[in-house]
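16 is the number of the first residue of the sequence shown in the working numbering; add one for each residue after it.
Structure first, then comments.
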Amino acid sequence: MIAVGSNASPGQVAHKLTRLGIPATVPMVPVRVHGIGVGCSGHISPAGYVAGTPYVDPRAETTLVVTWLDSTQLKAVDDTEFPDYRRAILPGDAFAMTMPSGERLGGAYIYFSAHGVLADPVTEQPRPGGGDQAELLAALLAGSARLRELLGPDPATWVRRAGADRALRERGTLVFGEEGWVLPQTDFLPYVDDASELRLYDDLPPLDDSLPRRA
16 MIAVGSNASP
26 GQVAHKLTRL
36 GIPATVPMVP
46 VRVHGIGVGC
56 SGHISPAGYV
66 AGTPYVDPRA
76 ETTLVVTWLD
86 STQLKAVDDT
96 EFPDYRRAIL
106 PGDAFAMTMP
116 SGERLGGAYI
126 YFSAHGVLAD
136 PVTEQPRPGG
146 GDQAELLAAL
156 LAGSARLREL
166 LGPDPATWVR
176 RAGADRALRE
186 RGTLVFGEEG
196 WVLPQTDFLP
206 YVDDASELRL
216 YDDLPPLDDS
226 LPRRA
């Protein structure tokens with residue numbers, strides 16, 4: 016599994032597994048991935064944050080983390096990702112994945128956001144993810160009067176209010192689209208893992224390729 020965001024944290028993976036009584040021994044190794052960038056998901060997470068998501072960019076070369084999960088561990092992590100994220104299988108011939116030893120992976124799973132990726136309103140390119148969360152939330156608040164009214168005035172208030180109220184999270188997620196900030200994640204669709212889709216298909220939000228964009 017190519018981990019993006021919290022799944023690259025040993026502590027977070029251990030928490031997801033041990034709370035279910037599942038052994039948390041998981042090998043984790045840095046991996047250099049060609050063709051994948053890291054952006055910000057077009058939704059507000061249950062914790063009140065704006066989480067990271069990968070996106071396809073043929074020019075990108077990103078150091079991420081590869082984890083080896085057994086089938087029980089994979090299902091447990093799946094359950095923490097769906098329905099906000101979907102699982103794809105990256106083929107090694109399309110996305111070169113190189114470990115520090117020089118060994119190339121033949122393929123790996125990756126989760127990507129079912130809500131699209133946030134775009135920078137100036138460049139209309141994916142907004143970089145994985146940085147300072149307070150800085151990101153402050154920038155989003157500064158860019159939208161509706162978000163300031165809904166979740167402002169500051170990042171701490173955003174996280175506190177959004178984390179406690181599902182309706183606020185859903186409304187904030189809608190505002191992202193209404194502001195024209197969301198790019199659809201259609202580039203991953205050819206690689207979607209059919210087995211995982213069949214298991215939870217009815218719970219997945221639709222991938223909308225006609226989301227409103229800023230003119």
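Just so it is clear, CB atoms sit at the ideal spot from N, CA and C, and this is done for glycine as well.
P38 places its beta carbon 7 Å or farther from that of W83. With a threshold of 16 other beta carbon atoms within 10 Å, D99 meets it and is buried.
Comparing alpha carbon positions, the residue from V92, I51, G63 closest to S24 is V92. With a contact defined as Cβ atoms closer than 8 Å, A177 and G187 qualify at about 6 Å. Spatial neighbours of I104 in its own chain (CB-CB distance under 7 Å, excluding positions within 5 residues in sequence) are listed in chain order as G122, Y124, Y206, D208.
Judged by DSSP secondary structure, A39 falls outside any alpha helix (DSSP H); it is assigned neither H nor E. In the three-state reduction of the DSSP assignment, R142 falls in the coil class. Secondary structure remark: continuous alpha helix (DSSP H) runs of at least 4 residues inside the segment 141-174, in chain order: 148-158, 160-166. Under the three-state reduction of DSSP, E118 is assigned to coil, being neither helix nor strand. Of the candidates R47, G20, P69, H30, P69 places its Cα closest to the Cα of L198. Taking R34 as the centre and dropping the five residues before and after it, the same chain places no C-beta closer than 6 Å to its C-beta.
Secondary structure note for L183: its alpha helix (DSSP H) is the uninterrupted segment 181-193. Beta-carbon to beta-carbon, L156 and G146 are separated by about 16 Å, too far to satisfy the 8 Å threshold.
Taken through DSSP and simplified to helix, strand or coil, H49 comes out as strand.
Residue pairing by DSSP places F127 opposite R101 in a beta bridge.
Nearest C-alpha to D108 among W173, L151, P73, H58: P73.
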